[in-house]
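Remarks on the structure that follows.
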Amino acid sequence: MHIAILSRNRNLYSTRRLVEAAEQRGHSIRVVDTLRCYMSIAAHHPSIHLKGQELEHFDAVIPRIGASVTFYGCAVLRQFEMMGTYVVNDSVGITRSRDKLRSLQLLSRKGLGLPITGFAHSPDDIPDLITMVKGAPLVIKLLEGTQGIGVVLAETNQAAESVIQAFMGMKANIMVQEYIKEAKGADIRCFVIGDKVVASMKRQAAEGEFRSNLHRGGSASVIRITPEERSTAIRAAKAMGLRVAGVDLLRANHGPVIMEVNSSPGLQGIETATGKDIAGLIIEHLEKHASTPRKTPPSQRLNRQLIVRGGGKRTARPPQSASPEEVTAHVSRQSPSGDGQRAGSVGRQHRLFSGQPGAPASIAARSLEASLRSQGQGDAATPGACQASSEDVASGCRCRA
665 MHIAILSRNR NLYSTRRLVE AAEQRGHSIR VVDTLRCYMS IAAHHPSIHL KGQELEHFDA
725 VIPRIGASVT FYGCAVLRQF EMMGTYVVND SVGITRSRDK LRSLQLLSRK GLGLPITGFA
785 HSPDDIPDLI TMVKGAPLVI KLLEGTQGIG VVLAETNQAA ESVIQAFMGM KANIMVQEYI
845 KEAKGADIRC FVIGDKVVAS MKRQAAEGEF RSNLHRGGSA SVIRITPEER STAIRAAKAM
905 GLRVAGVDLL RANHGPVIME VNSSPGLQGI ETATGKDIAG LIIEHLEKHA STPRKTPPSQ
965 RLNRQLIVRG GGKRTARPPQ SASPEEVTAH VSRQSPSGDG QRAGSVGRQH RLFSGQPGAP
1025 ASIAARSLEA SLRSQGQGDA ATPGACQASS EDVASGCRCR A
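Read in order, the letters of the sequence shown are residues 665 to 1065 in the numbering used here.
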């Protein structure tokens, strides 16, 4: 396969590991700077360009789009999607995951465990908001924050009210969540690929810190997760529409609760803690799914038509063999009075599948002939109708009418 990684920095650990894993398995791979891409959005030939050149065809794309470039990065990814390229995580799933509030709304709809969360616009509602999440201590989060940035632990109701007012005064979008005391500053990162949790680790916050992010000085270790935690992680990734995801859980007294679903999870922490080849498992996922034949997008689908009229005009020759071909036959017939006037075009469209790759087009042709015959348009059809045999159709109909 020929694979692209959308990444602004080829030297990042995760990017380097994916390149190594792909090359070790015999694939060609190219790191593409997301912000240097630009697009031609056209009906018949959508394309992506980089430094004055149109990008070559890729069999699959692995997006490693940073939170700060989500909008443009997802626009580039959508262009690949429109071109029919397999993407590990699509633009919709990534966009959902980057909005913490939207993520929680989607997860709550699936009945998954979540911390009680409040969201409000008016400062007048702050007291109710604090009460809603069981009061202090509570957590205040920026909706767009990552790696623990924009997350505040308020120890008292008064402190919580002051922080919320300050954020609202800056027009920042925030949410307020209950603090899960029993988690004791630890969370669980479950790495999901497809419909499996392939690795999991416990992240423990540094002393004096409540955020367990490794970027904030937290430590990581292997952990055995429960069947309920495994199921929760898989369901969370599926709810977000992500094939590869890092699902962060807390162990609460009433069961696992989801803190976040990450669409671009880092590989360094999980590979170091577990010793597993996560990059290789991602490439293995591509091998299983990117090579599966997919429907060609309308923008690239060839308009293969076989037009058969009384005069035997042929405008296109059907392919000799291949994957499913679409052949449209427009058969004009004379009116019953035989005056030669067109009674109407029988615009019947037949979706013909030639079966296995390499099957002769005559199979499709015979199907077309049989279909026309069943509609009264076969060899003994109304005068003026096409009377082509299967061999005629296969070679591009030389109508004998």
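The beta carbon of each residue, even a glycine, is placed where N, CA and C say it ideally should be.
As the structure is a prediction and not an experimental result, all values here were calculated from the model.
Beta-carbon separation (whole angstroms), residue i vs residue j, contact threshold 8 Å
i    : j    : result
L793 : G782 : 4 Å
G858 : A869 : Incorrect: roughly 30 Å between the Cβ atoms, too far for contact.
R762 : T734 : 5 Å
A654 : A824 : Residue numbering for the chain in the displayed model covers 665 to 1065; residue 654 lies beyond these limits and cannot be assessed.
I790 : R853 : Incorrect: roughly 32 Å between the Cβ atoms, too far for contact.
Cα-Cα separation between residue i and residue j, rounded to whole angstroms
i    : j    : result
K805 : V840 : 6 Å
A909 : P929 : 6 Å
N753 : V815 : 26 Å
E846 : H918 : 10 Å
S692 : A724 : 11 Å
A706 : K715 : 19 Å
L807 : E687 : 37 Å
L950 : H785 : 43 Å
T795 : P801 : 11 Å
V683 : K860 : 23 Å
G939 : E871 : 25 Å
N821 : F855 : 35 Å
A954 : A836 : 40 Å
E924 : P779 : 11 Å
H708 : C738 : 21 Å
G799 : V827 : 14 Å
D788 : S772 : 26 Å
Y736 : E720 : 20 Å
M865 : L699 : 32 Å
G976 : T749 : Residue placement at G976 cannot be trusted, given a pLDDT of 46 that sits under 50; what the coordinates show is reported in the next sentence. Going by the C-alpha atoms only, they are around 39 Å apart.
T759 : N675 : 25 Å
H702 : V862 : A small fix is needed here, since residue 702 is Tyr in this sequence, not His. When rounded, the distance between both Cα atoms is 35 Å.
Q932 : A685 : 14 Å
Pick from the options that is closest to residue i, judged by C-alpha positions
i     : options                   : result
R694  : S704, T679 and M703       : T679
R915  : M904, L741, D851 and R672 : D851
A943  : M665, R672, R681 and S671 : R681
N673  : G730, V725 and S772       : G730
Q717  : V696, A823, A937 and A707 : V696
V886  : A685, R867, A824 and K902 : R867
N926  : M904, T896 and E684       : M904
I1068 : V856, I947 and G799       : Absent from the structure is residue 1068, since the part of the chain shown begins at 665 and ends at 1065.
K774  : E684, I922 and V751       : I922
G849  : H713, A685 and D912       : D912
A899  : S704, I790, G777 and G833 : Rather than Ala, the amino acid found at residue 899 in this sequence is Arg. For the residues S704, I790, G777 and G833, the minimum Cα distance to R899 belongs to G777.
S704  : V740, L906 and N675       : V740
S732  : G833, I726 and I813       : I813
V666  : C701, V751, A818 and R742 : The displayed chain sequence assigns His, not Val, to residue 666. Selected option, being the one with the closest Cα: V751.
R728  : L676, L906 and S671       : S671
P710  : I726, T759 and R742       : R742
I726  : T936, I712 and R907       : R907
L770  : S755, A901, I838 and A685 : A901
A884  : M834, Q932 and A937       : A937
DSSP-derived helix/strand/coil call for residue i
i     : result
N753  : strand
S692  : strand
I667  : strand
I852  : strand
K798  : coil
R681  : helix
L765  : helix
R742  : helix
S772  : helix
S928  : coil
T820  : coil
S711  : strand
K866  : strand
S895  : helix
T890  : coil
D912  : strand
I726  : strand
L1071 : The question about residue 1071 has no answer, for the chain in this structure spans 665 to 1065.
M703  : strand
L806  : strand
K860  : strand
E718  : strand
I838  : strand
G919  : strand
A1108 : Here the chain covers residues 665 to 1065 and nothing more, so residue 1108 does not appear.
G944  : helix
G933  : helix
G737  : helix
Check: residue i C-beta below 7 Å from any heavy atom of the ligand PLP
i    : result
C854 : Annotation note on the ligand PLP: not contained in the displayed structure, which lists no ligands.
Discussion item. Across the region 828-844 and the region 891-900, are there enough close Cβ pairs to call them in contact, namely three or more that are closer than 8 Å?
Written reply: Output reads no: the region 891-900 does not touch the region 828-844.
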